[in-house]
Amino acid sequence: MAIHKSIFTNFPETRELLDWYKNQPKKSTPNINGHIHTPHSFSAFSEIEQAFQLAKSEDVSVLGINDFYTTDGFNEFAELATKNKIFPLFNIEFMALQNDLQKAGIRVNDPNNPGRTYMSGKGLCQPAKMSEISFKKIRNLQDDSNRQTFEMVAKLNDFFAENNIDIKFDAAEVQSRLAKNLFRERHIAQAIRIAVFEKENTDFGRAKLLNSIFLGKEIKSAIDNLAGLENEIRSNLLKVGGAAFVPEDPKAFLSLEEVMDLIIDAGGIPCYPVLLDFGNGNFTDYEANKEKLLQTFIDKNIYSIELIPGRNEYNILKDFVSFFNKNGFVITFGTEHNTPKLDPMKISCGGIDLDDELKQINFEGTAVIAAHQYLIANGEEGYLKNGMAKIEGKAYFIELGKAVIAKFLENYF
-14 MAIHKSIFTN FPETRELLDW YKNQPKKSTP NINGHIHTPH SFSAFSEIEQ AFQLAKSEDV
46 SVLGINDFYT TDGFNEFAEL ATKNKIFPLF NIEFMALQND LQKAGIRVND PNNPGRTYMS
106 GKGLCQPAKM SEISFKKIRN LQDDSNRQTF EMVAKLNDFF AENNIDIKFD AAEVQSRLAK
166 NLFRERHIAQ AIRIAVFEKE NTDFGRAKLL NSIFLGKEIK SAIDNLAGLE NEIRSNLLKV
226 GGAAFVPEDP KAFLSLEEVM DLIIDAGGIP CYPVLLDFGN GNFTDYEANK EKLLQTFIDK
286 NIYSIELIPG RNEYNILKDF VSFFNKNGFV ITFGTEHNTP KLDPMKISCG GIDLDDELKQ
346 INFEGTAVIA AHQYLIANGE EGYLKNGMAK IEGKAYFIEL GKAVIAKFLE NYF
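In structure tokens:
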């Protein structure tokens, strides 16, 4: 049965829940993945249910949906979380633009686009609840994003026709077949790869056709590496310099402040996704100095960060996370899964398992979000008060959140 009310409204009251938790035997720190994308934006998963199946197979007990510009997957995510007894986190992600940093050429957490700033919201209301103004802003973001991808398809068709490549797409059909509401450039890359594989049934023929599409440039990925091929298609055709590239309209971006206000209006906690090193020890201008970054966050009332450890060097990650943890930040980890590659659901750092301290930090950050979700679902104030984080009360939220997670995993329903 579809869940159209919050999964937290049937929980015990706070005091009863905490008393219950105190009497429970303490268990080991659960495996947590607080940031995955689903087919509602773009995802390695064919369906949301696949994510839960893989999470169960890898003993992941907490899973967080984190789609771009949409909460459309929240109710299905809640239903599948209940069915699979995996605790859900309800999140969202945006691309904001800090105009002053763009003008200054300062890269934030996008290594290629100065000023562009990814920003997540953690622990939103489920079902989604926000003002009509916020809903309208999200719909406008979706419309602007889809308009850009439709223009890409039109340019792609022109490119194919000019180069006598017998492939043509109908943008609406591709959107209907491969996407949900939000139609992204990764869907176009996927459509091209599928078309190539349908036209040619041998490895040689597929490679030859792709080389033609790349105007003689040879493919680097093996033919059976679908994720690699789609990434190459995206890089060669859809990014800057590509035949089907369409620049984003700066007017389509919200400011960082607008995004944060929207997240808070939707019941969430503003959270900065840290890029950190690129796997080669390099950092963006914005993130290079963690002490300076800390002060920037404090000035902007940001007290929650998230990382994708799989793209970071272990010692760099550990140092950075320990520093922000000591400064009272809510810290969570995820895998994204927003490319065609189906990586493991269990978080690691370049193949290295997280140590007990990192797992505990992730658990505590997740617990704060879980407590926040539970409280706002029951009409109470969550981790924010007038948009400000309750850092002094963080320990209480950690304990309450652990109780909320434990109750859910004990199959309270």
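Heads up: the sequence shown is residues -14 to 398, going by our numbering.
We put the CB at the ideal spot given by N, CA and C, even for glycine.
What residues in its chain sit with their C-beta under 7 Å from that of residue i, if we drop five residues either side in the sequence?
i, result
"Ile208", "Asp188, Arg191, Ala192"
"Lys379", "Gly313, Val353"
"Met(-14)", "A caution first: Met(-14) carries a pLDDT of 40, below 50, which makes its placement in the model unreliable, though a value can still be read off. For Met(-14), where only same-chain residues beyond five positions count, there are no Cβ hits under 7 Å."
"Tyr103", "Glu78, Met80, Asn94, Asp95, Pro258"
"Leu109", "Thr56, Phe75, Asn76, Ile77, Ala251, Gly252, Gly253"
"Glu185", "Arg191, Leu194"
"Phe154", "Val138, Leu141, Asn142, Ala176"
"Ser206", "Gly213, Leu214, Glu217"
"Asn310", "Ile316, Ile346"
"Tyr6", "Lys387, Ala388, Ala391"
"Glu349", "Ile383"
For residue i, which residues does DSSP report across the bridge?
i, result
"Val47", "Ile17, Phe72"
"Gly106", "Ile77, Pro255"
"Leu374", "Sequence check: residue 374 is Ala here, not Leu. In the DSSP output, where bridge partners are listed per residue, Ala374 has Leu369."
"Glu321", "Ile21"
"Leu82", "Arg101"
"Phe53", "Glu78"
Among the options, whose alpha-carbon lies nearest the alpha-carbon of residue i?
i, options, result
"Ala81", "Phe144, Ser130, Pro112", "Ser130"
"Leu194", "Lys165, Ser161, Lys236, Phe145", "Phe145"
"Asn125", "Lys(-10), Asn51, Glu185, Thr55", "Thr55"
"Pro329", "Gly100, Pro15, Lys7, Ile21", "Ile21"
"Glu61", "Ala356, Lys41, Ile33, Ser46", "Ile33"
"Leu260", "Ile346, Lys392, Leu302", "Leu302"
"Thr23", "Glu321, Glu272, Arg219, Glu349", "Glu321"
"Lys107", "Phe(-4), Phe318, Ile332", "Phe318"
"Lys165", "Leu360, Phe27, Arg0, Ile17", "Phe27"
"Asn148", "Ile198, Leu292, Glu203", "Ile198"
"Cys256", "Gly264, Phe263, Leu241, Asn267", "Leu241"
Run through DSSP, which three-state label would residue i get?
i, result
"Phe398", "Confidence at Phe398 is low in this model, with a pLDDT of 37, below 50, so the placement of that residue should be treated as unreliable; the coordinate-derived value is given next. It is coil, neither helix nor strand."
"Met137", "helix"
"Asp250", "helix"
"Arg92", "coil"
"Val225", "coil"
"Phe62", "helix"
"Ile337", "strand"
"Phe27", "coil"
"Met(-14)", "With a pLDDT of 40 at Met(-14), under the threshold of 50, the predicted position of this residue should be treated as unreliable, though the coordinate-derived value follows. Note: Met(-14) maps to coil in three-state DSSP."
"Phe399", "No statement about residue 399 is possible, as the shown extent of the chain runs from -14 to 398 and does not include it."
"Ser130", "helix"
"Thr269", "coil"
"Asn125", "helix"
"Gln358", "helix"
"Thr(-1)", "helix"
"Val353", "helix"
"Ser206", "coil"
"Val231", "coil"
"Asn166", "coil"
"Ile118", "helix"
"Met330", "coil"
"Leu153", "The question names Leu, but residue 153 is Lys in the sequence shown. Looking at Lys153 - three-state DSSP - the assignment turns out to be coil, as it is neither helix nor strand."
"Gln345", "helix"
"Asn142", "helix"
"Ile(-8)", "coil"
"Gly364", "coil"
"Gln87", "helix"
"Leu260", "coil"
Return the chain-ordered list of same chain residues with a C-beta closer than 6 Å to the C-beta of residue i, the five sequence neighbours on each side being excluded.
i, result
"Tyr397", "Interpretation of Tyr397 is limited by its pLDDT of 44, a score under 50 that renders its predicted location unreliable; the figure taken from the coordinates is listed afterwards. Result list for Tyr397: empty, nothing under 6 Å."
"Leu141", "Ala229"
"Ile337", "Tyr299"
"Val231", "Gln133, Glu136, Met137"
"Ile249", "Gly372"
"Phe168", "Asn131, Thr134, Gln160"
"Asp340", "none"
Taking residue i as part of the beta strand (DSSP E), name the residues at either end of that continuous run.
i, result
"Ser289", "289 to 292"
"Ile316", "315 to 318"
Among residues of its own chain, excluding the 5 on either side of residue i, which ones have a beta-carbon nearer than 8 Å to its beta-carbon?
i, result
"Glu243", "Ala81, Lys122"
"Phe37", "Leu48, Leu65, Ala66, Lys68, Asn69, Ile71"
"Lys(-10)", "Pro112"
List the endpoints of the continuous alpha helix (DSSP H) containing residue i.
i, result
"Tyr299", "299 to 311"
"Asn196", "188 to 198"
"Leu279", "275 to 284"
"Gln9", "No alpha helix (DSSP H) holds Gln9; DSSP gives it neither H nor E."
"Leu214", "211 to 218"
"Phe37", "33 to 42"
"Ser161", "156 to 163"
"Phe182", "170 to 184"
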